[in-house]
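Engineer: One structure follows; several queries about it will come next.
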Amino acid sequence: AQSVTQLGSHVSVSEGALVLLRCNYSSSVPPYLFWYVQYPNQGLQLLLKYTTGATLVKGINGFEAEFKKSETSFHLTKPSAHMSDAAEYFCAVSGGYQKVTFGTGTKLQVIP
Amino acid sequence: GAVVSQHPSWVICKSGTSVKIECRSLDFQATTMFWYRQFPKQSLMLMATSNEGSKATYEQGVEKDKFLINHASLTLSTLTVTSAHPEDSSFYICSARAPPTNEKLFFGSGTQLSVL
């Protein structure tokens, strides 16, 4: 069984401030973890993923996430928010058999 | 929140047969639904966008005759994998936009297809 919990359905940050979007997962097997972004009126776009190896994963647009097995977390961060980062972000986990489970999403608002 | 129900969650079929996967929005009307495919260790691949009452829009490289998508009502979209082959074995997941803004995306629980 696997599940994903995203804390905070809405997050607001000021432009230039740190972005932190939280994701906790559960998985009975070593997980693959993903962060996707959905911009208004567009489909999902992969930001980054963790499969194996280095636990700090760098993605597109300056985002990164760290896999912490002991905390079962995969939080997404970006040092300095841009207005263009306003979107909805989804965390997802995939264990065995390819099944992927999504979190409920976090809408990021960037305040000028 | 809005619920998207996807059935079946797991299906095994023989090569050459067709398999239908249903995606239902249970408590809202979804004018747009999306179908994705998950490859091992990779990200989701958008297969097609399904709009109620019109033909689906397929992504480049997705065979329209292989993956038939029907969105006959505001609460139901179906994906039929025709003449399935082992290489079609994969995890398929649907999602739907929920009103009023139609920005929020909700996901079905997915279907694991195994073709023998």
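Protein chains in written order, with my numbering: chain U, 1 to 112; chain V, 1001 to 1116.
In this text, a Cβ means the ideal position worked out from N, Cα and C, and glycines have one as well.
Source: prediction; values computed, not measured.
1. Who are U/Leu46's beta bridge partners in DSSP?
2. Of the choices V/Thr1032, V/Cys1013 and V/Ser1005, whose alpha-carbon is the least far from that of V/Pro1099?
3. For U/Phe102, which residues in the same chain have their Cβ closer than 7 Å to its Cβ, ignoring the five residues on either side in sequence?
4. Since I believe U/Gly16 is in contact with U/Ser70 (beta carbons under 8 Å), could you give me their beta-carbon distance rounded to a whole number of angstroms?
5. Go ahead and label V/Ser1043 buried or exposed: buried means 16 or more other beta carbons lie within 10 angstroms of its beta carbon, across all protein chains shown.
6. Between U/Ser27 and the rest of its own chain, which residues show a CB-CB distance below 6 Å, the 5 nearest in sequence each way excluded?
7. Any idea which residues DSSP pairs V/Phe1034 with across the strands?
8. According to the Cβ coordinates, are U/Tyr36 and U/Leu46 closer than 8 Å?
9. Check whether chain U comes within 8 Å of V/Gln1060, counting only Cβ atoms and requiring the distance to be less than that.
10. When you check each C-beta in the region 81-93 of chain U against every C-beta of chain V, which residues fall closer than 9 Å?
11. When we look at the beta-carbon of V/Phe1067 and count the other beta-carbons within 10 Å, is it buried (16 or more) or exposed?
12. Since I believe V/Gly1108 is in contact with V/Val1011 (beta carbons under 8 Å), could you give me their beta-carbon distance rounded to a whole number of angstroms?
13. Can you name the residues of chain U whose CB is closer than 7 Å to the CB of V/Ser1054?
14. Using CA atoms only, rank isn't needed, just tell me which of U/Tyr25, U/Val13 and U/Val19 is closest to U/Thr72.
15. Just to confirm the assignment, what range does the beta strand (DSSP E) spanning U/Gln2 have?
16. Please work out which residues of its chain come closer than 8 Å, Cβ to Cβ, to V/Met1045, disregarding the five sequence neighbours upstream and downstream, and give them in chain order.
17. What are the partner residues of V/Gln1112, as DSSP defines its beta bridges?
18. In terms of alpha-carbon separation, which member of V/Glu1087, V/Ile1069, V/Val1062 and V/Asp1088 lies closest to V/Thr1080?
Structural biologist: This is what the structure holds:
1. According to DSSP, which records beta bridges pairwise, U/Leu46 is partnered with U/Tyr36.
2. When C-alpha distances from V/Pro1099 are compared across V/Thr1032, V/Cys1013 and V/Ser1005, the shortest belongs to V/Thr1032.
3. Cβ neighbours of U/Phe102 beyond the five flanking positions: Val4, Phe90 and Ala92.
4. Taking C-beta atoms under 8 Å as the contact rule, U/Ser70 and U/Gly16 fail to qualify, at a distance of about 31 Å.
5. Label assigned to V/Ser1043: buried.
6. Answer for U/Ser27: Gln2, Val93 and Gly95, listed in chain order.
7. Paired residue(s): V/Thr1049 and V/Ser1095.
8. In this structure, U/Tyr36 sits near U/Leu46, with a CB-CB distance shorter than 8 Å.
9. False, the Cβ-Cβ gap to chain U never drops below 8 Å.
10. Those residues of the region 81-93 of chain U that come within reach of chain V (Cβ to Cβ, closer than 9 Å) are Glu88, Phe90 and Ala92.
11. Answer is buried; the Cβ neighbour count reaches 16.
12. V/Val1011 to V/Gly1108, Cβ: 14 Å. No contact.
13. Those within 7 Å of V/Ser1054 in chain U number zero; the least Cβ separation is about 17 Å.
14. Here the closest residue by C-alpha is U/Tyr25.
15. For U/Gln2, the uninterrupted beta strand (DSSP E) run begins and ends at Gln2 to Leu7, by DSSP.
16. Here the set comprises Tyr1036, Arg1037, Gln1038, Phe1039 and Glu1059.
17. Beta-bridge pairing links V/Gln1112 to V/Trp1010 and V/Phe1091.
18. For the options V/Glu1087, V/Ile1069, V/Val1062 and V/Asp1088, the alpha carbon positioned closest to that of V/Thr1080 is the one of V/Ile1069.
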